[in-house]
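Undergrad:
Numbering (UniProt numbering), first residue to last: 1 to 663.
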């Protein structure tokens with residue numbers, strides 16, 4: 001019998017619930033999964049402040065629902081849900097009606113204004129993609145206007161910003177703005193002292209979820225960035241150009257060009273509408289049982305910010321935070337599967353939260369992480385690292401490699417004004433056309449290497465015995481000679497050691513250089529690394545330094561599968577020559593430059609393991625690394641080929657399903 005599962009809302013909990021259900025029911029044709037949202041994208045709500053203060057582009061916090069569910073058994077419907085008919089088991093939207101057997105209400109939240117006059121009309125909220133873009137434009141516009149304003153008082157009014165709320169959203173917003181203001185002041189030639197930044201809250205300290213010590217740390221950081229904290233103050237009114245604060249028994253009037261409201265949330269309108277038939281609690285959240293079903297309707301599951309649930313042994317309800325959304329999605333998906341299939345046991349929701357973190361701009365953060373019974377704080381660098389790591393873990397679940405690549409790119413590789421916790425060290429600033437000469441030269445060297453092997457007879461007879469065996473005996477000779485030198489140095493002193501080095505000989509009795517040094521050590525017992533320095537070793541002259549990786553697995557492969565068989569030797573010789581020439585031509589022409597560079601590095605690794613690598617060829621490794629990303633787009637065939645190849649690649653069903661592409 002066909003079962004319809006409808007999910008209202010494509011926020012954190014909705015999107016993950018849909019993906020988990022799709023995975024569990026992918027081989028069940030009788031189950032249909034529908035997710036409904038008014039937007040064609042999922043928004044990273046925790047990153048809204050980054051867009052509002054222009055640290056990242058607008059598109060960086062959007063994730064296309066079409067891409068998320070590509071190749072999956074989930075129907076994406078773009079509609080605004082107006083009501084839910086619980087008796088008729090249908091969701092009513094502005095466009096259509098959607099029957100369900102099981103409903104997941106994950107509509108998210110919206111700001112709450114606590115009845116403050118003018119707050120909704122005159123303040124800028126920060127709870128959706130549109131809010132972030134609108135606030136971004138507002139910030140830029142007031143600085144543009146202020147730059148041309150001759151009246152000092154009017155200019156100061158334009159440049160006064162009040163953020164209401166000192167919780168996570170408020171602190172992250174004012175911190176991001178404080179980091180951005182000096183950049184805007186320099187751009188528009190405005191004195192930083194004319195800009196007012198204030199964070200207002202009725203509580204006694206910022207972010208009360210943190211310990212007092214960490215709250216104080218956040219307050220000191222904001223003060224250092226030029227933010228004034230106005231605590232123990234409640235907003236009594238907001239106007240077009242002012243904000244009124246009740247501080248004790250007094251009501252103070254402040255000029256405010258921009259008021260940003262981040263003072264609290266309540267469930268979305270549709271949840272409150274549906275709540276007339278369900279059990280609503282504080283903040284218009286719906287009371288649920290231990291299986292996350294509505295206490296009034298077991299066919300309705302409540303997820304994320306919409307749920308009110310006090311876990312066993314706890315005094316407070318689960319927080320309205322992303323980790324709760326992620327964990328409840330797993331429980332809901334499991335319980336719906338049990339309900340649909342009538343198999344297995346439903347599980348109670350037992351969340352285990354691992355802490356909280358707040359970023360104050362892109363370079364500084366505070367985190368309190370660990371297990372529920374043992375929390376510890378992290379230094380700023382590690383706090384920011386943890387934030388990005390957690391985001392990447394979430395992206396792996398939602399859009400895999402495609403979103404990870406995009407995230408790392410806009411957070412590190414294209415970041416400007418050093419607004420990252422690693423500064424601007426990873427941000428690309430060097431014009432890519434400067435790599436053209438290096439790319440062509442590296443390619444020419446690879447072509448030359450391949451042609452010289454043909455001239456030496458690699459296509460007409462076996463050469464690998466001498467190629468590999470000679471190098472191995474050469475290094476064995478170096479090891480023996482160095483051991484003799486080291487032993488003699490201990491016994492008779494450095495002077496005798498020098499003469500002993502000359503007498504003892506090296507590979508085939510040809511080590512003649514004084515001052516020879518060898519360092520030989522193991523990495524994890526798997527890789528032996530050998531460095532040798534000298535002037536003349538055996539019959540070869542090197543440029544002061546040689547390097548070799550001695551890997552047992554590689555040695556076994558060469559000695560047992562290649563060298564004993566002439567046919568395998570000829571195959572490997574032809575393979576190496578052809579690959580070297582193809583790599584060279586690809587690099588010279590700038591065609592598939594990234595893959596060509598990657599193959600060149602693999603080939604270099606093989607050479608290092610079998611023949612050693614000399615100082616005069618070290619540069620090829622670093623040049624190969626420099627060619628890995630986008631080097632062929634400038635004066636190369638990739639400029640024309642890659643866009644078409646990317647479009648073709650993205651159209652492949654398995655590529656879309658596994659997200660192994662980047663936009």
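Idealized CB from N, CA, C, for every residue including glycine.
Computed from a predicted structure; not experimentally measured.
Is the segment 195-212 close to the segment 226-233, with three or more CB pairs under 8 Å?
TA: yes
Undergrad: In this structure, does DSSP put residue 427 in helix, strand or coil?
TA: The count along the chain shown starts at 1 and reaches residue 427 at position 427. The answer is coil: DSSP assigns residue 427 none of H, G, I, E or B.
Undergrad: On the three-pair Cβ rule with 8 Å, is the segment 285-302 touching the segment 256-265?
TA: Contact fails: fewer than three Cβ-Cβ distances are below 8 Å.
Undergrad: Shortest alpha-carbon distance to residue 369 belongs to which of 384, 362, 363?
TA: Here residue 369 is taken as the residue at index 369 of the chain shown, counted from 1. In terms of CA proximity to residue 369, 384 leads the group 384, 362, 363.
Undergrad: Unbroken alpha helix (DSSP H) runs of length 4 or more, entirely within the segment 36-74: which are they?
TA: 48-52, 65-68
Undergrad: Starting from residue 179, follow the alpha helix (DSSP H) in both directions and report where the run begins and ends.
TA: Looking up residue 179 in the chain shown gives position 179. Residues 168-188.
Undergrad: Whole angstroms is fine: what's the gap from residue 163's alpha carbon to residue 630's?
TA: By one-based count along the chain shown, residue 163 stands at place 163. By one-based count along the chain shown, residue 630 stands at place 630. Taking the straight line joining both Cα atoms gives about 41 Å.
Undergrad: Kindly list the residues whose CB is nearer than 6 Å to the CB of residue 363, restricted to its own chain and excluding five residues on each side of it in sequence; keep chain order.
TA: One-based indexing of the chain shown puts residue 363 at position 363. So the list reads 421, once near-sequence residues are dropped.
Undergrad: Tell me whether the beta-carbon of residue 266 lies closer than 8 Å to the beta-carbon of residue 128.
TA: By one-based count along the chain shown, residue 266 stands at place 266. By one-based count along the chain shown, residue 128 stands at place 128. It is not a contact, given that the beta carbons lie outside the stated cut-off.
Undergrad: Helix, strand or coil: how does DSSP classify residue 566 here?
TA: The residue labelled residue 566 in the question sits at position 566 within the chain shown. Reduced to three states, the DSSP call for residue 566 is helix.
Undergrad: Taking residue 199 as the reference, give the member of 183, 224, 171, 225 with the closest Cα.
TA: Position 199 of the chain shown, counting from 1, holds the residue named residue 199. Looking at the Cα atoms, 171 is the closest of the given residues.
Undergrad: Any idea which residues DSSP pairs residue 715 with across the strands?
TA: With the chain represented from 1 up to 663, any question about residue 715 goes unanswered, as that position is not in the structure.
Undergrad: Taking only runs of the beta strand (DSSP E) that begin and end inside the segment 206-241, which ones reach a length of at least 3 residues, in chain order?
TA: 228-230, 234-238
Undergrad: Between residue 748 and residue 275, how many whole angstroms is the CB-CB distance? I'm expecting something under 8 Å.
TA: Past the boundaries of the shown model lies residue 748; the chain is included only from 1 to 663, so the question cannot be answered.
Undergrad: Over what stretch of residues does the alpha helix (DSSP H) that includes residue 407 continue unbroken?
TA: Numbered from 1 along the chain shown, position 407 holds the residue referred to as residue 407. Counting along the chain, the alpha helix (DSSP H) containing residue 407 begins and ends at 400-408.
Undergrad: Can you tell me the Cα-Cα spacing of residue 643 and residue 635, whole angstroms?
TA: Position 643 of the chain shown, counted from the first residue, corresponds to residue 643. Position 635 of the chain shown, counted from the first residue, corresponds to residue 635. Going by the C-alpha atoms only, they are around 15 Å apart.
Undergrad: Using three-state DSSP, classify residue 374 as helix, strand or coil.
TA: Position 374 of the chain shown, counted from the start, is the residue given in the question as residue 374. Correct three-state label for residue 374: strand.
Undergrad: Relative to the alpha-carbon of residue 291, which residue among 357, 373, 409, 347 has its alpha-carbon at the smallest distance?
TA: For the purposes of this step, residue 291 is identified with residue 291 of the chain shown, where counting begins at 1. Ranking the options by Cα distance to residue 291, first place goes to 347.
Undergrad: Quick check: what's the CA-CA separation for residue 570 versus residue 354?
TA: Position 570 of the chain shown, counting from 1, holds the residue named residue 570. Position 354 of the chain shown, counting from 1, holds the residue named residue 354. Straight-line Cα distance between these residues: approximately 57 Å.
Undergrad: How big is the Cα-Cα spacing for residue 10 and residue 193?
TA: The residue labelled residue 10 in the question sits at position 10 within the chain shown. The residue labelled residue 193 in the question sits at position 193 within the chain shown. For residue 10 and residue 193, the gap between their C-alpha atoms comes out near 43 Å.
Undergrad: With residue 143 and residue 190 assumed to form a contact (beta carbons below 8 Å), what rounded beta-carbon distance in angstroms separates them?
TA: Translated into the one-based positions of the chain shown, residue 143 becomes position 143. Translated into the one-based positions of the chain shown, residue 190 becomes position 190. The Cβ separation is near 7 Å, so the contact holds.
Undergrad: From residue 536 to residue 433, what distance separates their C-alpha atoms?
TA: Against the chain shown, residue 536 aligns to sequence position 536. Against the chain shown, residue 433 aligns to sequence position 433. Unreliable positioning characterises residue 536 in this predicted model, as indicated by a pLDDT of 39, which lies under 50. A coordinate reading is not provided.
Undergrad: Looking only at its own chain, which residues have a Cβ that is under 7 Å from the Cβ of residue 406, when we skip the five neighbours before and after it?
TA: The residue given as residue 406 occupies position 406 in the chain shown. If you ignore the 5 residues before and after residue 406, its C-beta comes within less than 7 Å of the C-beta of 60, 662, 663, all in its own chain and listed in chain order.
Undergrad: Look up residue 260 in the DSSP assignment and give the residues it is bridged to.
TA: Residue numbering aside, residue 260 sits at position 260 when the chain shown is read from its first letter. Its beta-bridge partners are 124, 163.
Undergrad: Judging by CA-CA distance, which residue of 376, 371, 408 is the nearest neighbour of residue 389?
TA: Taking the first residue of the chain shown as position 1, residue 389 is located at position 389. For residue 389, the nearest C-alpha among the options comes from 408.
Undergrad: Please state the DSSP three-state secondary structure of residue 536.
TA: Translated into positions along the chain shown, residue 536 becomes position 536. Caution is warranted here: a pLDDT of 39 is assigned to residue 536, below 50, making its placement in the model unreliable, and no coordinate value can be reported.
Undergrad: Where does residue 591 fall in DSSP's three states?
TA: By 1-based counting over the chain shown, the position of residue 591 is 591. Of the three classes helix, strand and coil, the one that applies to residue 591 here is coil, per DSSP.
Undergrad: Suppose you measure from the CA of residue 22 to the CA of residue 280; what does that come to, to the nearest Å?
TA: Sequence index remark: in the chain shown, residue 22 carries index 22 (1-based). Sequence index remark: in the chain shown, residue 280 carries index 280 (1-based). Roughly 30 Å between the two C-alpha positions.
Undergrad: Taking the beta carbon of residue 460 as the centre, do at least 16 other beta carbons fall within 10 Å, making it buried, or is it exposed?
TA: For the purposes of this step, residue 460 is taken as residue 460 along the chain shown, with counting starting at 1. Looking at its Cβ environment, which holds fewer than 16 other Cβ atoms inside 10 Å, residue 460 is exposed.
Undergrad: Using the three-state DSSP reduction, which class does residue 659 fall into: helix, strand or coil?
TA: Taking the first residue of the chain shown as 1, we reach residue 659 at position 659. DSSP, read as helix, strand or coil, puts residue 659 in coil.
Undergrad: Let's see if you can read the secondary structure: which residues bound the alpha helix (DSSP H) around residue 326?
TA: By 1-based counting over the chain shown, the position of residue 326 is 326. Taken as a continuous stretch (DSSP letters only), the alpha helix (DSSP H) holding residue 326 covers 322-341.
Undergrad: Identify whether residue 277 lies in helix, strand or coil by the three-state DSSP scheme.
TA: Taking the chain shown and counting its residues from 1, one reaches residue 277 at position 277. Note: residue 277 maps to coil in three-state DSSP.
Undergrad: So, are the CB atoms of residue 638 and residue 584 less than 8 Å apart?
TA: Counting from one through the chain shown, the residue named residue 638 turns up at place 638. Counting from one through the chain shown, the residue named residue 584 turns up at place 584. No, these two residues do not count as a Cβ contact at 8 Å.
Undergrad: Helix, strand or coil, according to DSSP, for residue 85 in the structure here?
TA: Position 85 of the chain shown holds residue 85. Three-state result, residue 85: strand.
Undergrad: Please classify residue 253: does DSSP put it in a helix, a strand, or coil?
TA: Looking up residue 253 in the chain shown gives position 253. In the three-state reduction of the DSSP assignment, residue 253 falls in the strand class.
Undergrad: Whose CA, out of 597, 577, 465, 617, lies closest to the CA of residue 566?
TA: To locate residue 566, count along the chain shown from 1; it is residue 566. Taking only the C-alpha atoms, the option nearest residue 566 is 465.
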